[in-house]
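Residue numbers (the numbering used here): 80 to 237.
Virtual Cβ for every residue (Gly too), placed ideally from N, Cα, C.
These figures come from a predicted structure and were not determined experimentally.
Written out below as structure tokens is the structure these notes cover.
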Amino acid sequence: MLTSVDRLLFVRGVSIFNELRDDFLVRLASIMDELSFPAQHTIFTQGQEGRSLYILVSGRVKVHIGDRVLAELEKGACFGEMSVFDAEPRSASISTLEPCECLMLTQQQLYEAVEETPGIAVNIIRLLSRRIRELNRKKLNPEIYNRINGTSPPTRIQ
Numbered sequence: 080m081l082t083s084v085d086r087l088l089f090v091r092g093v094s095i096f097n098e099l100r101d102d103f104l105v106r107l108a109s110i111m112d113e114l115s116f117p118a119q120h121t122i123f124t125q126g127q128e129g130r131s132l133y134i135l136v137s138g139r140v141k142v143h144i145g146d147r148v149l150a151e152l153e154k155g156a157c158f159g160e161m162s163v164f165d166a167e168p169r170s171a172s173i174s175t176l177e178p179c180e181c182l183m184l185t186q187q188q189l190y191e192a193v194e195e196t197p198g199i200a201v202n203i204i205r206l207l208s209r210r211i212r213e214l215n216r217k218k219l220n221p222e223i224y225n226r227i228n229g230t231s232p233p234t235r236i237q
């Protein structure tokens with residue numbers, strides 16, 4: 080269990096809460112539930128309804144669809160945010176690779192926080208944009224990706 084001070088310090092360092100006022104972070108940190116999961120535990124599964132966002136305090140988790148691992152996340156990473164915002168089922172499963180501690184924020188708590196401090200929404204949009212960009216890198220042919228993003232000179236089409 081985190082002390083209230085440790086919880087505040089941890090939440091302050093999480094990317095989606097960057098640049099937010101301390102008085103707001105104190106309130107936000109105090110309403111988050113703290114959860115513990117053993118190794119090899121499935122936190123949620125693809126297709127499940129999602130009404131909460133998780134922040135990894137310790138341990139590592141894998142993001143996967145069936146046996147295909149899409150990513151591994153470590154301390155400070157957020158997961159579950161997509162379903163909180165779009166009300167669609169979970170797009171992937173999350174399973175622990177080792178014992179994990181997480182903070183959980185419900186959909187209602189997050190909506191209230193965004194209403195009070197819109198900067199959270201901007202930070203979550205940045206997080207989602209980074210993830211989409213990373214998926215694009217993995218999916219597209221690197222040469223095409225670089226051309227689309229202007230990181231290599233355009234080729235002349237004849």
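Using 10 angstroms around the beta-carbon of residue i, count the other beta-carbons present and answer buried if the total reaches 16, otherwise exposed.
i, result
"Ser162", "buried"
"Ser172", "buried"
"Leu107", "buried"
"Glu195", "exposed"
"Ile204", "exposed"
"Glu160", "buried"
"Ile211", "exposed"
"Gly92", "exposed"
So what's residue i in DSSP terms, helix, strand or just coil?
i, result
"Glu167", "coil"
"Glu98", "coil"
"Lys141", "strand"
"Arg106", "helix"
"Arg130", "coil"
"Arg205", "helix"
"Leu114", "strand"
"Glu177", "coil"
"Ala200", "helix"
CA-CA distance, residue i and residue j?
i, j, result
"Leu184", "Leu214", "25 Å"
"Pro168", "Ile144", "13 Å"
"Asp165", "Gly129", "9 Å"
"Leu81", "Tyr133", "15 Å"
"Ser174", "Asp85", "25 Å"
"Gln127", "Phe158", "14 Å"
"Phe123", "Asp112", "16 Å"
"Asp146", "Gln125", "12 Å"
"Val201", "Gln119", "33 Å"
"Ala83", "Phe103", "Correcting the residue identity first, residue 83 is Ser in this sequence and not Ala. Computed Cα separation, rounded: 14 Å."
"Leu99", "Tyr190", "16 Å"
"Ser170", "Val142", "10 Å"
"Gln237", "Pro197", "With a pLDDT of 48 at Gln237, under the threshold of 50, the predicted position of this residue should be treated as unreliable, though the coordinate-derived value follows. Distance between the alpha carbons of Gln237 and Pro197 is about 48 Å."
"Ser27", "Lys218", "Lying before the first or after the last residue shown, residue 27 is absent from the chain, which here runs from 80 to 237."
"Ala150", "Thr121", "15 Å"
State the CB to CB distance for the pair residue i and residue j, rounded to an integer number of angstroms; the pair is presumed to be in contact (CB under 8 Å).
i, j, result
"Val136", "Cys181", "6 Å"
"Ile96", "Val90", "The residue asked about is misnamed: residue 96 is Phe in this sequence, not Ile. Confirmed, Cβ separation roughly 6 Å."
Which same chain residues end up closer than 7 Å to residue i when comparing Cβ atoms and leaving out the 5 residues on each side of it in sequence?
i, result
"Gln186", "Arg130, Ser131, Val163"
"Ile110", "Gln188"
"Lys154", "Leu135, Val136, Ser137"
Residues in the same chain with beta-carbon distance under 8 Å from residue i, minus the five sequence neighbours each way, listed in chain order, please.
i, result
"Ile199", "Ile95, Phe96, Leu99, Leu189, Ala192, Val193"
"Leu206", "Ser94, Ile95, Cys157, Glu160"
Cβ-heavy atom distance between residue i and the ligand FMN below 8 Å?
i, result
"His143", "This structure simply doesn't include the ligand FMN, nor any ligand for that matter."
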